[in-house]
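See structure below.
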Amino acid sequence: VFGGKRAQIVLLQGFSNPPKCIAGVCKTEEDEGPSTEEDSPFFHGVGVCKWFNVRMGFGFLSMTHRDAVPLDEPVDVFVHQSKLHMEGFRSLKEGEAVEFTFKKSSKGLESQRVTGPGGIHCVGSERRPKGKKVQKRRSKGDRCYNCGGLDHHAKECKLPPQPKRCHFCQSIDHMVASCPIKAQQSSPASQGKPSPLKVEEGEHSQSAPPPPPEASD
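Residue numbering for the sequence shown follows full-length UniProt numbering, beginning at 1 and increasing consecutively.
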């Protein structure tokens, strides 16, 4: 029976694959389990782009040669835009010839660096992801709903709360939902006709006849 650190050193020398000791705990390669994906070897492939989604930024390559050996049937290899050797917006065009390195992972074959033939830059797709359509909000105008001013909003109004009035014609007799002037202007029959306000203004603007002269005594 051996004891102490010297005995441990003697025992370790008897292993063909000595264990790794960290913080007093020794593990052999069998205890550590299989190697991780990062330790998996890289392979060289040649093929074409099978398809690529420019909006999502990934697709698949169709590998026809592996380590300079032609394959009986093409094999799919996953590709992400971050692995493409090119400048600007990174993407691939369907059918584009590529060379690449790849490795095996738990999800399948994944490319690590993708170039054009001979290591040149990838050509890429002419397509670009479409931007999201922004729905334009209808403008409510810049009128103050408290006093009707056009140079500020209600929250900036310096006047005390005013009586509620129609936001369309500024009348205090009704609200905008029941505004007769707005209803007349929005009706199809009123299109092309002058609004009542303009008519009234025109009538009032006409000069009234002068009053008759006063009789002299």
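Ideal Cβ placement from N, Cα and C applies to all residues, glycine included. Predicted, not measured: the structure shown is a model, and the values here were computed from it.
Could you give the distance in angstroms between the alpha-carbon of residue i and the alpha-carbon of residue j?
{"i": "ASN53", "j": "GLN184", "result": "53 Å"}
{"i": "SER40", "j": "VAL48", "result": "24 Å"}
{"i": "LYS103", "j": "SER125", "result": "25 Å"}
{"i": "ARG127", "j": "HIS44", "result": "28 Å"}
{"i": "GLU29", "j": "ASP67", "result": "Note on GLU29: pLDDT 49, under 50, position unreliable in the model; the coordinate value appears next. Answer to the nearest angstrom: the Cα atoms are 30 Å apart."}
Consult DSSP for residue i and reduce its assignment to one of helix, strand or coil.
{"i": "GLU156", "result": "helix"}
{"i": "GLN112", "result": "strand"}
{"i": "GLY149", "result": "coil"}
{"i": "PRO117", "result": "helix"}
{"i": "VAL77", "result": "strand"}
{"i": "ALA68", "result": "coil"}
{"i": "ILE22", "result": "Unreliable placement is indicated for ILE22, whose pLDDT of 49 sits below 50; no coordinate value is reported for it."}
{"i": "VAL54", "result": "coil"}
{"i": "SER82", "result": "helix"}
{"i": "VAL176", "result": "helix"}
{"i": "SER186", "result": "helix"}
Should residue i and residue j be called a contact, given that it needs their Cβ atoms to be closer than 8 Å?
{"i": "PHE100", "j": "SER111", "result": "yes"}
{"i": "HIS80", "j": "GLY95", "result": "no"}
{"i": "residue 229", "j": "GLN162", "result": "With the chain covering 1 to 217 only, the question about residue 229 has no answer from this structure."}
{"i": "CYS144", "j": "CYS157", "result": "yes"}
Could you work out which residue in the options is closest to residue i when comparing CA atoms only?
{"i": "LEU84", "options": "VAL176, LEU61, ASP72, SER105", "result": "LEU61"}
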